[in-house]
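Undergrad:
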Amino acid sequence: MQTLYFIHFCKEIRFMQNNELPGQIILFKSANPEQHAIKNYLNEWQIKFIEAEYFAQIQNHDFIKQCSCALAIIEDQKGVEFLRSIMQYFSWTQRIMLSTRPEVKLLEAAINRAHINYFLPLPVSKQVLHTYLIKANRRFKNLITPLSKFEALSDVTIDLLEVNQRFKDEAEKDALTGLLNRRSFDIYLGNLWQSSVKKKKHFSLAMLDIDYFKKVNDRYGHPVGDEVLKQFGQLLLSNQRTSQDFAFRVGGEEFALLSIDLTKENMARYVQRILNLTRKLTVSAGNAKIRFTFSAGVADVSQAKDVHDLINKADQALYQAKNSGRNTIKIFSNNS
């Protein structure tokens, strides 16, 4: 007798263990007398619940985001729509329908519209409800675990991609201006040259130098000089044709432009437009407003025998622009 009592006691203890029960659930508000018994069970098992007649009443409640299942005593379409709304907003939340001999149409609606996971006839015993709450909670966990792993993996992947992009930007771009850097210039120019040789693709190069930049630094300080570089960099970036024009900061106040499918004459017009816009820029230097300009030299691929020769010819044209009083653009000519 004592042994049987002990076995019964152990079964009761095991039955009452609630570590696999949901911590909190959603409860459809019903006037059915069984509702009171169910709420008593939930309180006994220390399961928190939120009760509502319409889903809209709890839709924005943070509590429901942590609920693994929803219980509803369904006697009409209102209960079906309640579970259907939960399915639409929280598809992983397990939906348990309880009813006393439901009509076929009501059961069909619950299955086809609310996609209920479990059906329990009323009255429901304490042990049966306990068992199905554990089942629902386990199923919920099984469903969300792969999702959680995927979301965690996605977060890690996104972080890695962002870090990779940051390293890539640091390797390819100038930190101050946001323009491509000297390393990128060498790569882009080399690629364009190869494309020109193999596919007869035409391109032009312009070398730009901000006029009297050292004097700006000496007179107003490096922060003002940096602001000049930033504004000029933004101007170059905002006046590029996508995948056609490429702007680079290749030195302190030295910049370069590469343009695909532009002759040296059209390249000069493009750079002239940028020069006109640059003349309108102002930079604050204490109480003063300063303006700046640049000089530029242009050459195209047809004038050079290799990459270094092209850079040299554009530099020669830049030198001519500086000797002509700056604030101007010169095109390389073999006769000059």
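Number 185 in full-length UniProt numbering belongs to position 185 of the sequence shown; there are no gaps in the numbering. All C-beta atoms in this analysis are idealised placements derived from N, C-alpha and C, irrespective of residue type, glycine included.
Identify every residue that forms a DSSP beta bridge with Val298.
TA: Ala206, Ile331
Undergrad: Could you give the distance in angstroms between the alpha-carbon of Ile311 and the alpha-carbon of Ala206?
TA: 9 Å
Undergrad: Please go through the UniProt domain "GGDEF" (201-334) and give each complete beta strand (DSSP E) segment of 3 or more residues, from N-terminal end onward.
TA: 203-210, 245-249, 254-260, 283-285, 288-290, 294-300, 329-331
Undergrad: In angstroms with no decimal places, state the Cα-to-Cα distance between Lys201 and Asn266.
TA: The alpha-carbon atoms of Lys201 and Asn266 are separated by roughly 16 Å.
Undergrad: Buried or exposed: Val80, going by 16 or more other Cβ atoms within 10 Å of its Cβ?
TA: buried
Undergrad: Look at the alpha carbon of Thr293 and the alpha carbon of Tyr89, and state the distance between them as a whole number of angstroms.
TA: 59 Å
Undergrad: For Pro123 and Glu51, which I take to be in contact (beta-carbon distance under 8 Å), what is that distance rounded to the nearest angstrom?
TA: Actually they do not touch by this definition, with Cβ atoms about 19 Å apart.
Undergrad: Let me check one thing: in DSSP terms, what residues is Glu51 bridge-paired to?
TA: Leu27
Undergrad: Could you please give the first and the last residue of the uninterrupted beta strand (DSSP E) stretch that includes Leu71?
TA: 69-73
Undergrad: Does Phe28 come within less than 9 Å of chain C when only Cβ atoms are used?
TA: Looking for chain C here will not work: only one protein chain is present.
Undergrad: So what does DSSP say about Ile58, is it helix, strand or coil?
TA: coil
Undergrad: Going by beta carbon distance, what residues of the same chain come within less than 7 Å of Asp211, once the five residues before and after it are set aside?
TA: Phe292, Thr293, Phe294, Ser295, Arg326, Asn327
Undergrad: Would you list the one or two residues that DSSP bridges to Pro121?
TA: Ser99
Undergrad: Since Lys78 is in the alpha helix (DSSP H), which residue starts that stretch and which ends it?
TA: 77-89
Undergrad: Mind checking whether Leu235 and Thr282 have CB atoms under 9 Å apart?
TA: no
Undergrad: Excluding sequence positions up to five away, which residues of its chain have a Cβ less than 7 Å from the Cβ of Arg113?
TA: Close CB contacts of Arg113 within its chain, under the 7 Å cut and outside five residues either way in sequence, are with Val80, Arg84 (chain order).
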